[in-house]
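Participant: Residue numbers (my numbering), protein chains in the order written: chain A, 1 to 408; chain B, 1001 to 1408; chain C, 2001 to 2408; chain D, 3001 to 3408.
Protein chains: 4
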Amino acid sequence: MSAPKKVVLAYSGGLDTSIILKWLQTEYGCEVVTFTADLGQGEELEPAREKAVMLGIDPKNIYIEDVREEFVRDFVFPMFRANALYEGLYLLGTSIARPLISKRLVEIAHETGADAVAHGATGKGNDQVRFELAAYALDPDIKVIAPWREWDLTSRTRLLDFAEKNQIPIAKDKRGEAPFSVDANLLHTSSEGKVLEDPAEMAPDYVYQRTVAPEDAPNEPEFIEVGFERGDAVSINGEALSPATILTRLNELGGKHGIGRLDFVENRFVGMKSRGIYETPGGTVLLEAHRGIEQITLDSGAGHLKDSLMPRYAELIYNGFWFSPEREMLQAAIDKSQEHVTGTVKLKLYKGAATCVGRWSDHSLYSEAHVTFEDDAGAYDQKDAAGFIQLNALRLKLLAARKRRLKS
Amino acid sequence: MSAPKKVVLAYSGGLDTSIILKWLQTEYGCEVVTFTADLGQGEELEPAREKAVMLGIDPKNIYIEDVREEFVRDFVFPMFRANALYEGLYLLGTSIARPLISKRLVEIAHETGADAVAHGATGKGNDQVRFELAAYALDPDIKVIAPWREWDLTSRTRLLDFAEKNQIPIAKDKRGEAPFSVDANLLHTSSEGKVLEDPAEMAPDYVYQRTVAPEDAPNEPEFIEVGFERGDAVSINGEALSPATILTRLNELGGKHGIGRLDFVENRFVGMKSRGIYETPGGTVLLEAHRGIEQITLDSGAGHLKDSLMPRYAELIYNGFWFSPEREMLQAAIDKSQEHVTGTVKLKLYKGAATCVGRWSDHSLYSEAHVTFEDDAGAYDQKDAAGFIQLNALRLKLLAARKRRLKS
Amino acid sequence: MSAPKKVVLAYSGGLDTSIILKWLQTEYGCEVVTFTADLGQGEELEPAREKAVMLGIDPKNIYIEDVREEFVRDFVFPMFRANALYEGLYLLGTSIARPLISKRLVEIAHETGADAVAHGATGKGNDQVRFELAAYALDPDIKVIAPWREWDLTSRTRLLDFAEKNQIPIAKDKRGEAPFSVDANLLHTSSEGKVLEDPAEMAPDYVYQRTVAPEDAPNEPEFIEVGFERGDAVSINGEALSPATILTRLNELGGKHGIGRLDFVENRFVGMKSRGIYETPGGTVLLEAHRGIEQITLDSGAGHLKDSLMPRYAELIYNGFWFSPEREMLQAAIDKSQEHVTGTVKLKLYKGAATCVGRWSDHSLYSEAHVTFEDDAGAYDQKDAAGFIQLNALRLKLLAARKRRLKS
Amino acid sequence: MSAPKKVVLAYSGGLDTSIILKWLQTEYGCEVVTFTADLGQGEELEPAREKAVMLGIDPKNIYIEDVREEFVRDFVFPMFRANALYEGLYLLGTSIARPLISKRLVEIAHETGADAVAHGATGKGNDQVRFELAAYALDPDIKVIAPWREWDLTSRTRLLDFAEKNQIPIAKDKRGEAPFSVDANLLHTSSEGKVLEDPAEMAPDYVYQRTVAPEDAPNEPEFIEVGFERGDAVSINGEALSPATILTRLNELGGKHGIGRLDFVENRFVGMKSRGIYETPGGTVLLEAHRGIEQITLDSGAGHLKDSLMPRYAELIYNGFWFSPEREMLQAAIDKSQEHVTGTVKLKLYKGAATCVGRWSDHSLYSEAHVTFEDDAGAYDQKDAAGFIQLNALRLKLLAARKRRLKS
């Protein structure tokens, strides 16, 4: 790879990406463009602008954007149409944000004539893979710089030395090492590393940042109604809301009731296991609600096919293949299934759990006339079941007859 | 089908199967053998013997058996190795009991020289399918009698008339109609029908029989440890226990903490949707525990393959194909994966939720040396990630280059 | 089911459906509308009109249509995009025609105010299922009459008696029984039954109707080029042709070279095995061609996902679920993959085999720069492979380390 | 990676691996052990011994072994039980040999106290991945040396210079460059590179080494019978034969009749497409035979599950994951299905094609009594089909009713 001339950096304004910014300038002598996105991580972004200016970035090279609506509308919601869970439990909160960041990095590179992008993910994790696969899928010639895989600032001491040498301000609370590492966006907060590394040990309470403990949640349940159209949530308690607003409200509701905590050991794409603590309050409520509305609006053919495709779909997102033909193929199938996933779900929120307790829809396939214990006047002829069973049994009988024949 | 001469009836001792018993005697004039199984449904079985005698059954034709250990060891535990959930949520508590009952019905038919078996499931549900497919898979020539599909006792009034005419005692509380219908065994209690038929309406509290409401559960969490060997639970808090005893204890623990309630609309195999209320306290705890131990003992290759096979496996059990080549093939694959699923899980039980908060094992694949943020002295070379990403990206780059080429 | 008043019959003009026509008139006393479709079965259709008139059908109730283009464009080609093979070998020639016939039957019922449709498939086969599932999927209230499951004309003698009694003319060669049964359309000819019932016995030569024996095919190979656009064949040897014309030409070419014969034992949806002789000359050439063009235009992600979905897709079509949400979901995924399946394939036709011997496309993903043994000046860095392998190996090493650890 | 002290080299005796041998001695100064396997590639192995001695290898460090029986019994046959085809067409002849070679390399390393193994695969292909994943799966601490990724002998000239400088004899016909590259074993011969690199160009005749052109094959078909037990071929024309002998005979038969040629563009695991010419005469016959016997001995449940698992299974073998938990899980499922795959298949071999024309077995599930057009006296009640269809149609009717309801 030839040396980059101008690089777009995913810049948070924090110490680590500030060091990367300076390192890019000094190591490669290249012009740096910064991109700071509001994905709902809950931090002020304007300080990132000031800091970038202070580090010598030309104001016209500073991009700060609120991408929350795009994030939820084009990434989170399509994923929730699939009821995607990685390894049975994880709602993919970090995975789904990376492709959006890469997309904007590449677009800004094209706008600014940059030939490279850079990110602050380490060489051990999944995020490097997600950032880079997405970037290459959008621009086959883009260069990607991953300083953590390249530089020799491999200890805390060296990092701080580099920062001091380069006049990068270090907040007091960043002098010592954080007891764990955090990633956050509108969908979730994840925490991992250090004090969380032993999967036998219960995670300490102070790790949780976005949800109260179920023990501290209100003693009374709260009931809400979530409205859906074509697979996407569109309202809460009858109030129509934008995608990002819906997720924000569900986060508040879920967080207040201690919903969406997950203590999890997962398989990283790079081959090792890691332990994470995830808080996905709104997403957990949303999954329960989406499943509830699908229960009455999807038929078994569509539902079972979706269930069988889901693990592969979730794995693709986890591994960083959002921008891939196979994810798009699966999305086409999933979206096709959602045409009638429209209606309302009633949920109970209480002490850590969101539970669907009712669902109704003009698109419902539920037929009381068919299922009722009462006499149903011809909607269903119970005698049909005999033929249904006989033909389903035929091959089993032939197998049993063979077994008997070969024994005798 | 020629008329049966001797039939083995799945007999609960209740009003409905007593009517069936008598109907078989009068309609077919055939000898009846009764089979009453203790599957952990929580009812005394000896009254069934007295009642059968009273209805004219020869005592040597009365089979009453405790099959709880066989049920958990050979049916429930193998299924839990798969983390089986039907349509994402249902733990298959009814489905998994039917093949065992059919197996014993057919075995008793062979022992007693009977040429038929009979069950009390209706023509609208899944249970008729499960009973009959299992019976035919075990004996291709067995006759199966399903009175509910045959007789004209299609209203409550007619049933009670028949009972009175045939001197079948009717308990006072059976005169009126039950507000819903119940099935129970050691794994779960299911309730459906009547007051539960509108899926928009929240299920009334009195439906729940085996779990307290989360609101009424203890205000303090309880922590337990579940030990596993080769995929099966073998101990609770260090005490080695038999399969049925483990499930019984987990039921007590789960029930006390309001764990395992499910309000669910599902797709029946016979083509309609139905709404059920399921209580699976021990099973819900067991699933969480099993997933927890798999997190550190299964590698991603095995885990992801299991996840992708699970929906099909669950569907087979739901649809009644326990005794089928394809279920046995999937079981062989799943069992193969469980050879190292051995270790201990720590769970928190609180207000409706069982949460894995720690897990450890001699068979663990979790490697702190690989995952640590600290310098790891050669266990993992971060530079390898660059090559890993480049080759995973190659096809995406070629796709992107094509898109660019065709545009220009 | 209440008695039908007006019924649309899938009418071939042959003896069997003429008997059905008359039976519907006499048994149900209902008005009959006939639908005769040219699906490319290679028979004159006008005699069917005369015969229908002769049997008393009002001319305005006689529908005769050439649906060959619709058949290939909307049914055959979408299916071939999936490379669909049932049980590894069968090209689904009969299965794919049935939904089109049912669609027209239902549409004509709506146009003519008929309340029922009727078909001539027996109660043992798959076709009854395909006809009826398609009909019910398009009109939930339509009545479907399947005379072969209802009437008592269950022997050849009774059928002929009925025909004579009702003045239905019987061609001389129909007096005796045919040595096997045939179904044909533009995609294939299938033969089964009677002399073909023993799967151990080689099918006699006279069974084959549409292909020469490979032994009798030309001694010189013939080379052709098939052009594709977005997954569908659009030209032969550079000549743009309509869908039905392409399949017709490929049939001629394939038939002349003895291509597309299949001697097959398959699993019917109704539970039994049956043996069929299939001739699919054009389809066999088309499959080979489509696979050839996909080899250079699909990437592995899309290709492998397609391969994994194909068996389910083929099973759905075989079982009669063309008009189902799950087939449509799979079709959406498959169609998405075909956006770049555009280009040309060169095929060799010789003595029973069609072989792809060359393929080229502007949409090709094949990169000689990457694959060449020659020095490739930076397109691919072989050292990347080391990292790729290390990370793919990591979990295998952790597994091996566990095995070693537990042994010691 | 620290420097290896003693390395086991996969040694063919040819020029390339002789250069590697010398390079290992000179570059790493390490002791070299050679392993030369007879996998049925059709070359004398003793010259490899002489050459190794001449290059300074201690005779006790020279391993020459005939592993043909192990190859077919433990690798080829298990794979054929799955009917494995990579990307629809490729019989995996190269892929399946690599894990066996790695297994012996690692075992010999353990026997001789070596700490490393080495292979002659390049950095662009799949074989490096297969060799190395297998090695690491068997010994997590083994070092693997891949000289083609490390050295600077990257042109033909440099290689020959090195050979001359190190007194490695160069056969006259190796002075010039081969027009394509070949790999062979008992299952297949593959050719790729150079003159084959343009996938639009037909492969020249001289590429084919193991099969005659169909045009040159006998003008008369030949019929053979292959016997199977539990999924594996055990006899030809009634003669019981060992696994390797069976494959050898089938190769002779297939090769004589021009069977098993494949011109193929495939997706390599390392991300690029490549074009190969494969000759798999015996394997092609074997696949057709195995499918033939499965047609009558597998039921649809087992068969369809196998079909759906096959693409994943084939991909795992292609990608080098033979020794992985997921391949072993799939193998367990596949092997379970083969318990009754016992019987005999009759095949026609003619001008490039092997065709199953008859099959019979004591384990057959084919039931003439069920399928016959004749009156079948109760084996099958056609009226059962009505109920079967009604219940399969129920959900489709509910879907159609919804569509109608929402329109009105």
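Glycine is no exception: its CB is placed at the ideal position from the N, C-alpha and C atoms. Nothing here was measured: the structure is a model prediction, and the numbers come from that model.
What residues in its chain sit with their C-beta under 6 Å from that of Pro3147 (chain D), if we drop five residues either side in the sequence?
Facilitator: Taken in chain order, the residues that qualify are Ile3020, Trp3023.
Participant: Would DSSP call Leu2347 (chain C) helix, strand or coil?
Facilitator: In the structure shown, Leu2347 (chain C) sits in a strand (DSSP, three-state: E or B).
Participant: Assuming Asp2230 (chain C) contacts Thr2342 (chain C) (C-beta within less than 8 Å), just tell me the rounded distance between them.
Facilitator: The sequence shown places Arg at residue 2230 (chain C), not Asp. Indeed they touch by this definition, with Cβ atoms about 6 Å apart.
Participant: Any C-beta of chain A sitting closer than 8 Å to the C-beta of Ala1393 (chain B)?
Facilitator: Closer than 8 Å to some Cβ of chain A, the Cβ of Ala1393 (chain B) qualifies, so yes.
Participant: Closer than 7 Å, Cβ to Cβ, to anything on chain D: give me those residues from the stretch 1337-1371 of chain B, in chain order.
Facilitator: Those would be Ser1337, in chain order.
Participant: Our contact map puts Met3329 (chain D) next to Leu1305 (chain B) with C-beta atoms below 8 Å; I'd like the distance itself, whole angstroms only.
Facilitator: Yes, they are in contact, since the Cβ atoms of Met3329 (chain D) and Leu1305 (chain B) sit about 6 Å apart, within 8 Å.
Participant: Is Glu2368 (chain C) near Glu3197 (chain D), with beta carbons less than 8 Å apart?
Facilitator: A contact, by the Cβ cut-off of 8 Å.
Participant: Just to make sure I have the definition right: I need the residues of chain C whose C-beta is within less than 8 Å of the C-beta of Val270 (chain A). Which are they?
Facilitator: Simply Leu2391, Leu2394.
Participant: In angstroms with no decimal places, state the Cα-to-Cα distance between Ser3181 (chain D) and Gly3193 (chain D).
Facilitator: Roughly 6 Å separates the two Cα atoms.
Participant: Closer than 9 Å by beta-carbon distance: list the chain F residues that pair up with Gly1387 (chain B), in chain order.
Facilitator: Considering every chain present, this structure includes no chain F. Its protein chains are A, B, C and D.
Participant: Run through DSSP, which three-state label would Ser1095 (chain B) get?
Facilitator: Residue state, collapsed to three classes: coil.
Participant: Following the continuous alpha helix (DSSP H) through Ile3020 (chain D), name the residue where it begins and the one where it ends.
Facilitator: Here the alpha helix (DSSP H) through Ile3020 (chain D) covers 3015-3023.
Participant: Report the residue from C:Lys2174, C:Leu2009, C:Tyr2090 whose alpha carbon sits nearest the alpha carbon of Thr2112 (chain C).
Facilitator: Of C:Lys2174, C:Leu2009, C:Tyr2090, the residue nearest in Cα terms is C:Leu2009.
Participant: Is Lys409 (chain A) near Gly1352 (chain B), with beta carbons less than 8 Å apart?
Facilitator: Because chain A spans 1 through 408 in this model, residue 409 (chain A) falls outside it and cannot be assessed.
Participant: Flag this pair as yes or no: are the beta carbons of Gly3088 (chain D) and Arg2291 (chain C) separated by less than 8 Å?
Facilitator: In this structure, Arg2291 (chain C) lies closer than 8 Å to Gly3088 (chain D) by Cβ.
Participant: Using three-state DSSP, classify Tyr3423 (chain D) as helix, strand or coil.
Facilitator: Outside the displayed range of chain D (3001 to 3408) lies residue 3423 (chain D), so it cannot be described from this structure.
Participant: Could you tell me the alpha carbon to alpha carbon distance between Ala1109 (chain B) and Gly1120 (chain B), rounded to whole angstroms?
Facilitator: About 17 Å.
Participant: What residues of chain B sit near Glu3326 (chain D), judged by a beta carbon separation below 7 Å?
Facilitator: Gly1301, Ala1302, Leu1305, listed in chain order.
Participant: Interface residues of chain A around Leu3399 (chain D) at Cβ under 8 Å?
Facilitator: Those are Asp299, Leu365, listed as they occur along chain A.
Participant: So Ser1191 (chain B) is in the beta strand (DSSP E); what residue range does that whole segment cover?
Facilitator: Ser1191 (chain B) -> beta strand (DSSP E) spans 1189-1192.
Participant: Taking the continuous alpha helix (DSSP H) assigned at Tyr136 (chain A), which residues delimit it?
Facilitator: Start and end: 127-138.
Participant: Extract the residue ranges of the alpha helix (DSSP H) inside the stretch 3024-3077 of chain D, only unbroken runs of 4 or more that lie entirely within it.
Facilitator: For the stretch 3024-3077 of chain D, whole alpha helix (DSSP H) runs of length 4 or above, ordered along the chain, are 3046-3054.
Participant: For a test of the three-state rule: what should DSSP assign to Thr355 (chain A), helix, strand or coil?
Facilitator: Three-state DSSP puts Thr355 (chain A) in a strand.
Participant: Looking at the structure shown, is Arg1261 (chain B) part of a helix, part of a strand, or coil, going by DSSP?
Facilitator: In this structure, Arg1261 (chain B) counts as strand in the three-state DSSP scheme.
Participant: Should Leu1330 (chain B) be flagged as near chain D, meaning a C-beta pair shorter than 8 Å?
Facilitator: Yes, Leu1330 (chain B) lies at the interface with chain D (some Cβ there is under 8 Å from its Cβ).
Participant: Do the stretch 1280-1291 of chain B and the stretch 1058-1071 of chain B touch if we need at least three Cβ pairs shorter than 8 Å?
Facilitator: They do not touch, by the three-pair rule.
Participant: What do you reckon, are the CB atoms on Lys1383 (chain B) and Gly2227 (chain C) nearer than 8 Å?
Facilitator: Contact flag unset, no.
Participant: Taking Cβ-Cβ distances shorter than 8 Å, what residues in chain B pair up with Gly231 (chain A)?
Facilitator: Those within 8 Å of Gly231 (chain A) in chain B number zero; the least Cβ separation is about 15 Å.
Participant: Taking one C-beta from the stretch 1096-1110 of chain B and one from the stretch 1032-1042 of chain B each time, how about it: are there three or more such pairs within less than 8 Å?
Facilitator: Yes, the stretch 1096-1110 of chain B is in contact with the stretch 1032-1042 of chain B.
Participant: Does the CB of Phe3075 (chain D) have a neighbour CB from chain C at under 8 Å?
Facilitator: It does not: the Cβ of Phe3075 (chain D) has no partner Cβ on chain C nearer than 8 Å.
Participant: Leu406 (chain A) touches chain D at which residues, Cβ-Cβ below 9 Å?
Facilitator: Result: His3340, Asp3362, His3363.
Participant: May I ask you to report which of helix, strand or coil DSSP gives Lys5 (chain A)?
Facilitator: Here Lys5 (chain A) sits in coil by DSSP.
Participant: Could you say if the stretch 2250-2259 of chain C and the stretch 2267-2282 of chain C meet the contact criterion of at least three C-beta pairs nearer than 8 Å?
Facilitator: Cβ pair count under 8 Å is three or more, so yes.
Participant: Checking 8 Å against the spacing of the C-beta atoms, do Val1265 (chain B) and Lys273 (chain A) come in under that value?
Facilitator: No, Cβ-Cβ distance for Val1265 (chain B) and Lys273 (chain A) is not below 8 Å.
Participant: Quick check: is the beta carbon of Ala3171 (chain D) nearer than 8 Å to any beta carbon in chain B?
Facilitator: Output row for Ala3171 (chain D): interface = no.
Participant: Check whether the Cβ atoms of Pro78 (chain A) and Ala2302 (chain C) sit closer than 8 Å, and answer yes or no.
Facilitator: No, they are not a contact pair.
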